[in-house]
Structures are given as C-alpha cells and as structure tokens.
Amino acid sequence: MVKSLETPPVELLKPGVKAPVQETLLTPRFYTTDFNAVAKLDISGHEAEIRAVVDELKADYNRHHFVRDDEFKQSWNHIPGEKRLAFIDFLERSCTSEFSGFLLFKELSRRIKYSNPLLSEAFEYLARDEARHAGFLNKAMGDFSLSLDLSYLTKNRSYTFFPPDWVIYTVYLSEKIGYWRYILVYRHMAENPEFQFYPLFRKFESWCQDENRHGDFFKALLRSQPQLWNNWKARLWVRFFLLTVFVTHTITVFERANFYEILGIHPRKYNNQVITETNKTAARAFPTILNTDHPYFFWYLEQCAINNQKLIAINNSKKWGIVKLFQKIPLMQNILWYMLKLYLIKPINAEKARETVY
Ligand SMILES: [Fe+2]
Ligand SMILES: [Fe+2]
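full-length UniProt numbering applies: residue 1 is where the sequence shown begins, and numbers increase by one.
In structure tokens:
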C-alpha cells in the first residue's frame, strides 16, 4: 500500500520567503562540471544535426506561453491545510530543480562562449527556458504568500561536481522524465478537470515540450560522442543512471503519495507509467535500456521506497543518534541490495531496436 508521510508546516527564512528544504540525497541538487572539457567536445561530425536542434530551441515557441492570465488573478486562501502544504512542497521542489538547470546551463553557456559557440548558444536557450519555468513556479508560490529566495539558494546550496559525461547522461534523463511527468499530469487534468484546483497544470502541455526539446538537444550531443554509447563501459553507465533516476523517482513519488492523491492521480500507476515511458524514450539515445516488463522490476523499486520510508520514520523519531544509526544500517543495506538486483536484471539492447522504437 502507498503510504505518505506527514507534511511539516512551512518554515520561513524571513517573512514571505520560504526556507529551502533540508538538503538530502533526494532533494533537487545544484551541479557544476569541468567546463574546459565541455569546451573541447568535438561535435564537428554532427554539427548539422546539432544545429537543427539548436534552431528549434532558437525558434522559442513558448515565448508567449508563460503569462499569468486572468485565471491566476484571485485569492487562493480557500485551498486548505494539507492540500496547500503538499502543493507548496511540489512548487518548491519543481522551482528548485528548474532553477538548478538554469544555473548549470547559464554557466556552461558563459564559460564556452568563444571556445564552442554552437554549444554555448544551445545552453543559452536552455537557460532561458529554465529561468522562465523557475520564475513561473516562484510566482505561483507568491499566490500562497511565499517565495524562494533564488539568490540565497545560489550562494548557499552546495554544488555537486559531475564530469561532462555524467552531466550528459543525467540531464538527458531528467529532461525526458520531466517531459513525461508534466504531460501525464496534463493529460490526467484534461480528462478529470474537477481536480484542477490551480491553473498551473493547464500550462504543462506546452511547458513539457520545452523539456522534450532540451532532451533532444542532449540526445544529439550524446550521439555525437561515440564513446558515450558504443562500448561496454557506456552500457554499464547508462544502466546505472537509468536505475538511479528511476529509484529516486519511485522514492519521491511514494514519499509524496498524498500530493498525487490530491490531484486524483494513483501514485503507483503514475510512477510506473512515467518510468516505463522514460525508459522507452531513452532507447533513442542510450545503447541499453532497462527491462521494465520484468515481473520483479517495479516490485524491487517499491522495496527501495518502502525501506526509505522506514529510514525517514527513524530520522524523525526521538531516539538517540547512535540508536538511529544502528536501526538505519540494515535499511540502507536493503535499498542497496534491491538496487543491485535491479541492476542485474538483463537489460534490452536499444541499438538493435533504434530505428523502430519511437
Ligand atoms: Fe524546465
Ligand atoms: Fe529542461
């Protein structure tokens, strides 16, 4: 059974400005990379394809989309307690991860401006879109008399270093999973308008096309670097990144099951569909994808989420630190054990199916 944890009350940094959630392995992270190595990426053999994707980004189809129309101009005080807190939590996490993308793309664009102008131009468009997305979400938080201090976040969050190869794999996946997350919520809301308690969800259809285009850019970049897909090491890495993204997604969806239930979305079905579709989409870029049809695939993923919920319950308990630690160790071992079992499920060769799948 999907069990959600209680949502804590909103903590403030100063009046009207929400204190950022405590950083954990699962909160959206901020990234930095080896900018010189990105500048040196040789894309000469694939310039035409990358140019075509960059031209799509340049067209800026959504330049008039992120407008707060009349529907937003009303009071939202009628949205009650738990629903309100769960929605604010969703807005904050989404805003932080959009803003994290903005910071990375902006810095990439700036640092490789003269050494790799085509990629720099692409990153500039990506940063433009993510700034819009983050800004729109932050304004939505404003409707609930809160905002995120993005400059405080920029200065005070820790930055995780990822080498360029990891950035390409993980950003590709996060753009594509972002696409599926938004489009599935949008389709659900279109079919069940009674759950549309705030107009943000109406914006998701065009919004997710931005994420789709971002993903397509990273796909073109990834395929321009044969070492990222044509050897056994690459095949092992992509399995690892698919797995970690899917485990993280499952854990976060189950942890926030109440939010999805408020939207009228079945958390388990939503999680399974997002993962199945993202995995299928990844067959266009990655040499290998995971076998989501394996009878234990989603069961193993859920075991990770269940063990994580037990970890959170221990963290929130009033026991001594050392007692907590001893109680947590077997649960962490369980998560790693199920991740290993998932990793060892025979993957699917995507190179073979490339021309026919999506
Ligand atoms: Fe975005
Ligand atoms: Fe994006």
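The C-beta atom is built at its ideal place from N, Cα and C for all residues, glycine as well. Keep in mind it's a predicted model, so treat the numbers as computed, not measured.
Nearest-angstrom Cβ-Cβ length linking residue i and residue j, presumed shorter than 8 Å
i           : j      : result
Leu222      : Trp229 : 7 Å
Arg213      : Glu56  : 6 Å
residue 362 : Gln309 : Residue 362 is absent from the model: the chain starts at 1 and stops at 358.
Tyr179      : Glu211 : 4 Å
Ser109      : Phe123 : 4 Å
Buried versus exposed, by CB contacts within 10 Å (16 or more), residue i
i           : result
Ala234      : buried
Trp219      : The sequence given here places Lys at residue 219; Trp does not occur at that position. Buried, because 16 or more other Cβ atoms sit within 10 Å of the Cβ of Lys219.
Leu243      : buried
Tyr296      : exposed
residue 379 : Since the first residue shown for the chain is 1 and the last is 358, residue 379 is missing from the structure and cannot be characterised.
Leu342      : buried
His249      : buried
Residue i beta carbon near ligand 1 (any heavy atom closer than 7 Å)
i           : result
residue 380 : As shown, the chain starts at 1 and ends at 358. That puts residue 380 outside it, with no answer to give.
Gly16       : no
Gly215      : no
Gly321      : no
Check: residue i C-beta below 7 Å from any heavy atom of ligand 2
i      : result
Asp129 : yes
His64  : no
Glu121 : no
Glu205 : no
Gly81  : no
Gly101 : yes
Gly142 : no
Helix, strand or coil at residue i according to DSSP, with G and I counted as helix
i           : result
Arg354      : coil
Phe286      : coil
Asn349      : strand
residue 359 : Because residue 359 is not part of the residues shown, which for the chain are 1 to 358, the question remains open.
Val17       : strand
Ser147      : strand
Phe298      : helix
Tyr61       : coil
Thr281      : helix
Leu228      : helix
Tyr159      : strand
Sequence-distant residues of its chain with Cβ nearer than 8 Å to residue i (five each side left out)
i      : result
Lys203 : His65, Phe66, Phe136
Ala353 : Ala283
Pro287 : Trp229, Asn230, Ala234, Arg235, Val238, Asn349, Ala350, Glu351
Leu118 : Ile43, Glu47, Ile50, Arg51, Val54
Cut-off 6 Å between Cβ atoms - residues of its own chain near residue i, not counting five sequence neighbours on either side
i     : result
Cys95 : Ala134, Leu137, Asn138, Leu148
Neighbourhood of residue i by C-beta distance below 7 Å, restricted to the same chain and skipping five residues each side
i      : result
Ser224 : Ile43, Gly45, His46, Ile50
His294 : Ile345
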